[in-house]
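For the sequence shown, the working numbering puts the final residue at 692, and the numbers step up evenly by one.
The C-beta atom is built at its ideal place from N, Cα and C for all residues, glycine as well.
These numbers come from a predicted model, not from an experiment.
Below is one structure, written out as structure tokens, with a few remarks after it.
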Amino acid sequence: MRKIRKLKIASLLFTGVTFSLACGAAAADALEGLVLAGGQPVANSTVTLWAASSGAPQQIGQARTDAEGRFTFGSTGAPGADASIYLIAKGGHSSADKTGGDNPALALMTVAGGKPPSHVTINEMTTVASVWTHAQFIDGAEIRGHALGLRIAAGNVPNFVDLQTGGYGEAIAGPLNSSQTPTLANFATLSNVLAGCATRVKAEACDSLFAAATGPDGKAPADTLSAAQSIARVPWHKPEKIFALLEDFYPVDKDQSQLRPAPFTPYLSFAPSAWVLPLKFSGGGLSGGGKLMFDSQGNAWVADNFMVGAQNQDALWRGGLSKFAPDGKPLSPAVSGFTGGGLLGPGFGLAIDAHDNPWLTSFGGNTTVSVFDNSGKPLSPPEGYNFDGKISKMQGIIATPGGDIWAIDTMKSQVVRFPKGDTSKGELLCQNPSSDPLKNPCKLLTPFAVAVDQNSNIWVTNFLADHVTRFPGGDVTKPETFKTGFSSSGLAVDSLGNVWITNKLGSSEWARLKTLEMAVAGKVNYDGDRDASSRITRVLVAAMVEQKPGWEGGSLTVLHPDGSEAAFSPVYGKGIYGPWAVSVDGNDNIWVSNFTSSAAGIVQLCGFRTENCPSGIKTGDAISPPGGYVGGGLQLQVDVGIGPAGDVWVTNNWQDHASCFGKPDETVSTRCAGEGVVVFFGMAKPVQTPLVGPPRQP
């Protein structure tokens, strides 16, 4: 004990710690740490302690590392309860660096959050974890942003790295991510490339890194921290150049019979399509996730089509409701999720109102509308709100800025409305007295999803048609229709009032014929299946899993606020296989999910505010790689949502479509349901949550 105390006193004397605490700031526990580069201590590095908030970050203190790379701060006191603590180590000399003298290009970071541990490590892995999670808030050495976003971003750093040891975090090293996706190898490869410069494995290592990390704007980074940021901001830009540094910095024999002499493993064997770091999360009853929404605290709620562990089939959906913290930890009961209130088998129908209450519709089990409070307690009666059995299979539901709740009855082509959210005043609208679906009074034909624009117009997609329906000012007696592609599902309104609509089958003649085939399957029981929706789904899925990006693949229709079609519409190719949902981020850029196969990624398109797009990219052009952003264990996706920290969440709805019909082989009989939700960190401009109406920045 005496030896340890002497070492600490000597360390304090050597490092020459200084403090600049704000007046009135409450003192917190001491903070000590270690700076490593290439796995070895960095001596004589300047470590600065910062507090991030909505304004300019405030410097709290500064220290210098000793010969063992150690540093100490006597307090982490920071102004404001919402401040997020982070540390930056600049310069110094790593024991792994065989050259002499200070390395001015060495700059490493650790974001420790609002309650940092007593000991932290700063190294290449903490730098990658901190930069990617904070991509929407970081600029050079400055981190700033709204309190919720900073809290979420800091809370996700430990998913990648252990703050105390600098080793792998629990989520990335866990069974869902470590061996089933390339994220772990992506993460280690990026860390190795930064280490090559930080330890100067070659005389020109830093120059090589800065050249490879230079973005399309031509601005070259000047240190390892700015290089990491440059890669994270444009992960799609020439990823092979960064990958080539792995061989340049850590070469092996041509027969590749030995591991590379790199400090971090595993590393990639092939160049990625983009330097993204998605992680998969599960639990809390999540199974075959459908619609996803965020509450005011950034918690993600997911409508579960299926039941965990069951031999799920499309004929009967029996899932509940799952809730996840912003860091992916499940907050709902294992296996079942939240249940009750008439909920059974929800699909694409989930909304969070302005009071943080989740509203859901049931499609494959019960035929009801249900509502819960934010703790997961059902507020609706045990039978839900079913209008005395007059409604059928329900899908889309939204909360409007005025407080109304709109829900869609898909199979009876009706609309449910609860004015101001008052369930005692529920209305059943658009009832068709005729048996002819083409005589629907609201011009609905198996409606699916619903959205509201800035003028209180209600927009509804139609599953078995090639038009979208609009109710001006919410007046269902004056329906208007506008041409789209075939079998539309998701839609979203951007901040300028433009409407983006996904056409699952696209806009071709082939798509028209497939839509007619689905319509026939809904009317004619040709195979003994009494469930019309199941017959329709079989035709749809068989078509979608074969689709590839192109004219005969899926598409997006883009309508201006007046309903006229944009000149560049329809949008197809560009990684759009079979689009299901579309979301708009805080920059008005567009995100699209694909329900086709695990090979399809999520797609990012440039929106109408082209100043928020890379130079030379026009509205409707792809920002993401040709196949979309992949990895993270993506399967057949349904929803894509943007959280308040800019994280992009994607629901895996189906896993093996062949297991969803008939009697599958026993060994794969539980693989209909998609597994988990996949989160791409810091990829999008944050959105105010809950999303009530068109998107806004926080």
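Query raised in the report: Is the region 642 to 649 touching the region 668 to 678 in the sense that three or more CB pairs, one from each, lie closer than 8 Å?
Result: Proximity of the region 668 to 678 to the region 642 to 649 meets the contact definition, three or more beta-carbon pairs being nearer than 8 Å.
Query - Contact set for D156: own chain, Cβ-Cβ below 6 Å, skip 5 residues either direction - result: Translated into the one-based positions of the sequence shown, residue 156 becomes position 162. Within the same chain, D156 has close Cβ partners G163.
Query raised in the report: Would the beta-carbon of L499 fall within 8 Å of that of V493?
Result: Translated into the one-based positions of the sequence shown, residue 499 becomes position 505. Translated into the one-based positions of the sequence shown, residue 493 becomes position 499. No Cβ-Cβ contact shorter than 8 Å links L499 with V493.
Query raised in the report: When you compare each of I225, L203, G567 to D211 by their alpha carbons, which one comes out closest?
Result: For the purposes of this step, residue 211 is taken as the residue at position 217 of the sequence shown. Here the closest residue by C-alpha is I225.
Query raised in the report: Who are the Cβ neighbours of C17 in its own chain at under 6 Å, not counting the five residues just before and after it?
Result: Locating residue 17 in the sequence shown gives position 23, counting from the first residue. Unreliable placement is indicated for C17, whose pLDDT of 32 sits below 50; the coordinate value is still reported in the next sentence. If we look at C17 and ignore the five residues flanking it on each side, it has no Cβ neighbours.
Query raised in the report: What did DSSP end up calling M693 once you bin it into helix, strand or coil?
Result: The structure shown has nothing for residue 693, since the chain only spans -5 to 692.
Requested in this report: Would you kindly work out how many angstroms separate the C-alpha atoms of F366 and P372, rounded to a whole number?
Outcome: Position 372 of the sequence shown, counted from the first residue, corresponds to residue 366. Position 378 of the sequence shown, counted from the first residue, corresponds to residue 372. For F366 and P372, the distance between alpha carbons rounds to 4 Å.
Query raised in the report: Ordered along the chain, which non-local residues of its own chain (more than five positions away) have a Cβ less than 6 Å from that of N451?
Result: Against the sequence shown, residue 451 aligns to sequence position 457. Counting only Cβ-Cβ distances below 6 Å, and skipping sequence neighbours, we find R464, P466.
Report task. Closer than 8 Å by C-beta to A515: which residues in its own chain qualify, once you throw out the five before and the five after it? Chain order, please. Result -> For this step, residue 515 is matched to residue 521 along the sequence shown. Once the five neighbours on either side are set aside, the close Cβ partners of A515 are A526, R529, I530, R532, V533.
**Report entry** Simplified DSSP assignment, three categories, for S494
**Finding:** Working through the sequence shown from its first residue, we reach residue 494 at position 500. It is Trp, not Ser, that sits at residue 494 in the sequence shown. Note: W494 maps to strand in three-state DSSP.
Requested in this report: Taking K317 as part of the beta strand (DSSP E), name the residues at either end of that continuous run.
Outcome: For the purposes of this step, residue 317 is taken as the residue at position 323 of the sequence shown. From DSSP, the beta strand (DSSP E) with K317 extends over 315 to 318.
Query - Whole-Å CB distance - R58 paired with N38, under 8 Å assumed - result: To locate residue 58, count along the sequence shown from 1; it is residue 64. To locate residue 38, count along the sequence shown from 1; it is residue 44. That pair is a contact at about 6 Å.
Query raised in the report: Who are the Cβ neighbours of V535 in its own chain at under 6 Å, not counting the five residues just before and after it?
Result: To locate residue 535, count along the sequence shown from 1; it is residue 541. The residues H651, in chain order, have a CB closer than 6 Å to that of V535 in the same chain once the five nearest residues on each side in sequence are set aside.
Query raised in the report: Taking the beta strand (DSSP E) that N588 falls in, what are its first and last residues?
Result: Counting from 1 along the sequence shown, the entry for residue 588 is found at position 594. 584 to 588 is the extent of the beta strand (DSSP E) around N588.
Query raised in the report: Which value, in whole angstroms, describes the spacing of the CA atoms of L685 and W44?
Result: Residue numbering aside, residue 685 sits at position 691 when the sequence shown is read from its first letter. Residue numbering aside, residue 44 sits at position 50 when the sequence shown is read from its first letter. Distance between L685 and W44, taken at the CA atoms: about 32 Å.
Requested in this report: Report the option in P395, S172, F381 whose CA atom is closest to the CA atom of L408.
Outcome: In the sequence shown, residue 408 corresponds to position 414, counting from 1. Checking the sequence, you will find Gln at residue 408 rather than Leu. Out of P395, S172, F381, F381 has the C-alpha closest to the C-alpha of Q408.
Query raised in the report: Out of T590, S592, F412, V624, which has the shortest C-alpha to C-alpha gap to Q598?
Result: Translated into positions along the sequence shown, residue 598 becomes position 604. Comparing Cα-Cα distances from Q598 to each of T590, S592, F412, V624, the minimum goes to V624.
Query raised in the report: Which class does D633 belong to by DSSP, given the choice of helix, strand or coil?
Result: Within the sequence shown, residue 633 is the residue found at index 639, counting from 1. The answer is strand: DSSP assigns D633 an E or B state.
Query raised in the report: For N646, which residues does DSSP report across the bridge?
Result: To locate residue 646, count along the sequence shown from 1; it is residue 652. Looking at the DSSP output, N646 sits in a beta bridge with Q631.
Query raised in the report: Is S112 closer than 8 Å to D76 when the C-beta atoms are compared?
Result: As a first step, residue 76 must be located in the sequence shown, where it is residue number 82. As a first step, residue 112 must be located in the sequence shown, where it is residue number 118. Taking C-beta atoms as the reference points, D76 and S112 fail to come closer than 8 Å.
Report task. Tell me the start and end of each unbroken alpha helix (DSSP H) in the region 121 to 197 that is at least 4 residues and wholly inside, in chain order. Result -> Within the region 121 to 197, the runs of alpha helix (DSSP H) at least 4 residues long that lie entirely inside it are, in chain order, 141 to 154, 164 to 167, 177 to 192.
Requested in this report: Write down every uninterrupted run of the beta strand (DSSP E) in the region 548 to 582 whose length is 3 residues or greater and which is fully enclosed by it, in chain order.
Outcome: Counting only unbroken stretches of 3 or more residues, the beta strand (DSSP E) elements lying wholly within the region 548 to 582 are 549 to 553, 573 to 578, in sequence order.
Query raised in the report: Taking the alpha carbon of T218 as the point to measure from, which residue in T93, S330, A192, K472 has its own alpha carbon closest?
Result: As a working mapping, residue 218 is identified with position 224 in the sequence shown. Looking from the CA of T218, the closest CA among T93, S330, A192, K472 belongs to A192.
Query raised in the report: For L310 versus P340, is the C-beta distance shorter than 8 Å?
Result: As a position in the sequence shown, residue 310 is number 316, starting the count at 1. As a position in the sequence shown, residue 340 is number 346, starting the count at 1. No, these two residues do not count as a Cβ contact at 8 Å.
**Report entry** Complete runs of the beta strand (DSSP E) confined to the region 465 to 514 [at least 3 residues]
**Finding:** For the region 465 to 514, whole beta strand (DSSP E) runs of length 3 or above, ordered along the chain, are 474 to 477, 480 to 487, 493 to 500.
Query - Contacts around G391, its chain only, beta-carbon distance under 6 Å, and the 5 residues preceding and following it disregarded - result: Here residue 391 corresponds to residue number 397 of the sequence shown, with the count starting at 1. For clarity, residue 391 is Ile in the given sequence; the question names Gly instead. Close CB contacts of I391 within its chain, under the 6 Å cut and outside five residues either way in sequence, are with G343, A345, W353, T355, A401 (chain order).
Query raised in the report: Name the DSSP beta bridge partners of Y261, please?
Result: Locating residue 261 in the sequence shown gives position 267, counting from the first residue. Per DSSP, none; premise fails for Y261.
Requested in this report: Verify whether the separation of the beta carbon atoms of T699 and F655 is less than 8 Å.
Outcome: There is no way to answer for residue 699, as the model of the chain reaches only from -5 to 692.
**Report entry** alpha helix (DSSP H) segment containing Q34, residue limits
**Finding:** Locating residue 34 in the sequence shown gives position 40, counting from the first residue. Q34: not part of any alpha helix (DSSP H); member of the beta strand (DSSP E) spanning 34 to 37, first to last residue.
Query raised in the report: Which of helix, strand or coil does DSSP assign to A445?
Result: By 1-based counting over the sequence shown, the position of residue 445 is 451. DSSP places A445 in strand when its eight states are reduced to three.
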